[in-house]
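For reference, the structure discussed in these notes is given below.
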Amino acid sequence: MKNIIGREVPEYIEGIGKTDMFIGAWEKLKKGWMDEPTIPPPNKAKTPHLSKICETLEEAIKKTSPKDGMTVSFHHHLRNGDNILVRSIEILANMGIKNITLASSSLNEVHNPILKYLKDGTITKIWSSGIRGDIGKAVSEGVLDIPVIIHSHGGRVRAIHTGKINLDLAIVAASAADEEGNATGSHGKSAFGSLGYASIDMRYAKQVIVITDTMVEYPCIPISITQNFVDYVVKVDSIGDASKIATGSTRITKSPMDLRIAKIAADVIEHSGLFVPGFSFQVGAGGASLAVAKFIREKMIKSKIKGSFILGGVTSYVVDMLNEGLFNAIFDVQSFDAAVSSSLMENSNHIEIPAALYANPYNCGCMTNKLDIVVLGALEIDLDFNVNVITGSDGTIRGASGGHSDTASGANLTIVVCPSFRGRLPIVKKYIHTVVTPGETVDVLVTERGICVNPIKPELEENLKKAGLNVRKIQDLQEEVEAIVGKVKEVEYTDKIVGIVEYRDGTIIDVIRQVKK
Numbered sequence: 000m001k002n003i004i005g006r007e008v009p010e011y012i013e014g015i016g017k018t019d020m021f022i023g024a025w026e027k028l029k030k031g032w033m034d035e036p037t038i039p040p041p042n043k044a045k046t047p048h049l050s051k052i053c054e055t056l057e058e059a060i061k062k063t064s065p066k067d068g069m070t071v072s073f074h075h076h077l078r079n080g081d082n083i084l085v086r087s088i089e090i091l092a093n094m095g096i097k098n099i100t101l102a103s104s105s106l107n108e109v110h111n112p113i114l115k116y117l118k119d120g121t122i123t124k125i126w127s128s129g130i131r132g133d134i135g136k137a138v139s140e141g142v143l144d145i146p147v148i149i150h151s152h153g154g155r156v157r158a159i160h161t162g163k164i165n166l167d168l169a170i171v172a173a174s175a176a177d178e179e180g181n182a183t184g185s186h187g188k189s190a191f192g193s194l195g196y197a198s199i200d201m202r203y204a205k206q207v208i209v210i211t212d213t214m215v216e217y218p219c220i221p222i223s224i225t226q227n228f229v230d231y232v233v234k235v236d237s238i239g240d241a242s243k244i245a246t247g248s249t250r251i252t253k254s255p256m257d258l259r260i261a262k263i264a265a266d267v268i269e270h271s272g273l274f275v276p277g278f279s280f281q282v283g284a285g286g287a288s289l290a291v292a293k294f295i296r297e298k299m300i301k302s303k304i305k306g307s308f309i310l311g312g313v314t315s316y317v318v319d320m321l322n323e324g325l326f327n328a329i330f331d332v333q334s335f336d337a338a339v340s341s342s343l344m345e346n347s348n349h350i351e352i353p354a355a356l357y358a359n360p361y362n363c364g365c366m367t368n369k370l371d372i373v374v375l376g377a378l379e380i381d382l383d384f385n386v387n388v389i390t391g392s393d394g395t396i397r398g399a400s401g402g403h404s405d406t407a408s409g410a411n412l413t414i415v416v417c418p419s420f421r422g423r424l425p426i427v428k429k430y431i432h433t434v435v436t437p438g439e440t441v442d443v444l445v446t447e448r449g450i451c452v453n454p455i456k457p458e459l460e461e462n463l464k465k466a467g468l469n470v471r472k473i474q475d476l477q478e479e480v481e482a483i484v485g486k487v488k489e490v491e492y493t494d495k496i497v498g499i500v501e502y503r504d505g506t507i508i509d510v511i512r513q514v515k516k
């Protein structure tokens, strides 16, 4: 059957069960408090002065008594520099553990070595905000019998909080920790910044291992992970390479095309009616969206405007804006640049926040609900402004939901930036492969060929036209690009569902089908 945006979603999916259909960006929330049971954190007790230190990660994992069918979680703050997830899964595989549910907050190319464990039955189910590299391709081709579940960052918190994801073991990499497990990512030889995505795991996992390459004297300050949730602590030579955080989608672009798009997006913000003292701001992952901050900085200095706060993934460029007095504070759930860690350590106005405060839809006020302006990227967008950030032009899983739908739903102005086509493949299409963010939460599309405003925002369109900006109908843009690049051959799929895309409230906004080889 079809959900409210017309996407075909079966009422029942093998290995998953009955589906909860997407009914609109805010409709489920309007019903009130959670309609699913909130699970309590596990009860833990340790006798006084009992050492938590383990000599090796293998020893720590053995002490947690791993079992077939367990759920193991990791965070992705080190992104492509991570050195812990693969090592941990290898240990579990060597112990003969099977049927693992992997619940990493995201999976990157660095995790490609675990593909063999998807093939041999070690890992049979995945929850994640994104899957890149060989793993995404293999999943798209049907390597798993049970569909992967793609969630947003806020949706992951909701899923753990309500027991949809029931964590048996959380393995938390920290750049510094003490003997009791108090830990941080803000200093140490592999400092990576905020530990915001790991906070929900440590609270609800039945057992927690903190692994670090910098042991410090008790207590570890500042404390991001607190000792009362930690069972074991392991010192290793390296948790990873923090220099590899700022790669791919978290690296500010140098492309002239992307910089032009970013400049146009900044013009949209300036004339939107929201570029006023006290505005709040976030830029998402993606070269062009991150570059918007550069042009907004120039406009803020010229107009003598000071903002309220910057939210989300934080780069050193954003830190510079804080230090220049352009914003009062940064709320940092994820650092996109290892250089950010020193600011997090030293500046009290640079505030580390957990993912629950960042984007969980089921609480009394997540930060995304206070956003004025967010700038996001896209792999594809359709004529109804629905956005795909998870599947590529060939239909394979290659991206991440991340905080895309979370921020779009909360911001007063959601701007999507992307080129009109990439490599002769159109970005604006009549029908996109996968919907991650519904068009009702997207206000503006900015490309190098013009600006398209969602018809639900007529006043915004009028403001931009009065400012002399190149505002166009999205249908006209789509037709122009198609005339240049030609019609694209449709991707062929089988009937097998390999992925489920949850909207942030837990409803199913779309499914991903197996690509025909």
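Residue numbers 0 to 516, in numbering that gives the first Met the number 0, belong to the letters of the sequence shown in order.
Each residue gets a CB set at the ideal place from its N, CA and C atoms; glycine is no exception.
- About 35 Å separates the CB atoms of Val416 and Ile224; that is not less than 8 Å, and the two are not in contact.
- When C-alpha distances from Val267 are compared across Val142, Val374 and Ala92, the shortest belongs to Val374.
- If you ignore the 5 residues before and after Gly68, its C-beta comes within less than 6 Å of the C-beta of Asn98, all in its own chain and listed in chain order.
- CA-to-CA, the gap between Val332 and Asn348 works out to about 14 Å.
- A Cβ-Cβ separation of about 19 Å leaves Gly192 out of contact with Ser288 under the 8 Å criterion.
- By the Cβ test, the region 271 to 285 is in contact with the region 303 to 317, since at least three Cβ pairs between them sit closer than 8 Å.
- Counting the other CB atoms within 10 Å of its CB gives His403 a total of 16 or more, which places it among the buried residues.
- The continuous beta strand (DSSP E) containing Gly311 extends over residues Gly306 to Val313.
- Beta bridge pairing from DSSP links Gln333 with Gly312.
- The residue from Ile148, Leu114, Ile60 and Ser151 with its alpha-carbon nearest to that of Val142 is Leu114.
- Here Glu501 is bridged, per DSSP, to Ile507.
- By the Cβ neighbour-count rule, Ser302 is exposed, with fewer than 16 other Cβ atoms within 10 Å of its own.
- In terms of Cα proximity to Ile164, the closest of Glu13, Cys219 and Ile38 is Ile38.
- In this structure, the CA atom of Asn387 is about 48 Å from the CA atom of Ser50.
- With contacts defined as CB atoms closer than 8 Å, Val435 and Thr413 fail to qualify as a contacting pair.
- Contact between Ile426 and Ile380 holds, with the beta-carbon distance rounding to 6 Å and staying under 8 Å.
- If you check the CB distance, Arg421 and Cys451 do not come in under 8 Å.
- Taking each of Asp257, Met344 and Ser315 in turn and checking the Cα distance to Ile222, the smallest one comes out for Met344.
- Distance from the CA of Asp383 to the CA of Ile96, rounded to the nearest whole angstrom, comes to 46 Å.
- The beta-carbon separation of Ser105 and Ala358, rounded to 14 Å, does not stay under the 8 Å limit for a contact.
- Across the set Ser198, Pro112 and Asp167, the C-alpha of Asp167 shows the shortest separation from the C-alpha of Thr70.
- The closest CA to that of Ile238, considering only Leu56, Leu459 and Glu491, is found on Leu56.
- For Lys124, the number of other beta carbons within 10 angstroms of its own is at least 16, and it is reported as buried.
- Below 8 Å, enough C-beta pairs join the region 496 to 512 and the region 15 to 26 to call them touching: three or more.
- Residue nearest to Gly132 within the set Thr390, Leu444, Glu458 and Ile15 is Thr390 (criterion: CA-CA distance).
- Contact check for Pro218 and Asn181: beta-carbon distance about 5 Å, within the 8 Å limit, so the pair qualifies.
- Contact annotation: His76 and Leu194 have beta-carbon atoms nearer than 8 Å.
- The criterion of a C-beta distance shorter than 8 Å is satisfied by His110 and Leu84.
- Non-local C-beta neighbours of Ile208 in its own chain, meaning closer than 6 Å and more than five positions away in sequence, comprise Ala59, Ile170 and Tyr231, ordered along the chain.
- Leu356 sits in a helix when the DSSP states are folded into three classes.
- Between the alpha carbons of Ala176 and Gly409 lies a distance of about 35 Å.
- Within the region 96 to 144, complete alpha helix (DSSP H) segments of at least 4 residues are found at 114 to 118 and 132 to 139, given in chain order.
- DSSP lists Glu7 as the beta-bridge partner residues of Lys1.
- Taking 8 Å as the upper bound for CB-CB distance, Thr395 and Lys136 are in contact here, some 5 Å apart.
- Taken in chain order, the whole beta strand (DSSP E) runs of length 3 or more contained in the region 146 to 230 are 147 to 149, 168 to 173 and 206 to 211.
- Within the same chain, Ile60, Lys61 and Pro65 come within 8 Å of Met94 by CB-CB distance, once the 5 residues on both sides are set aside.
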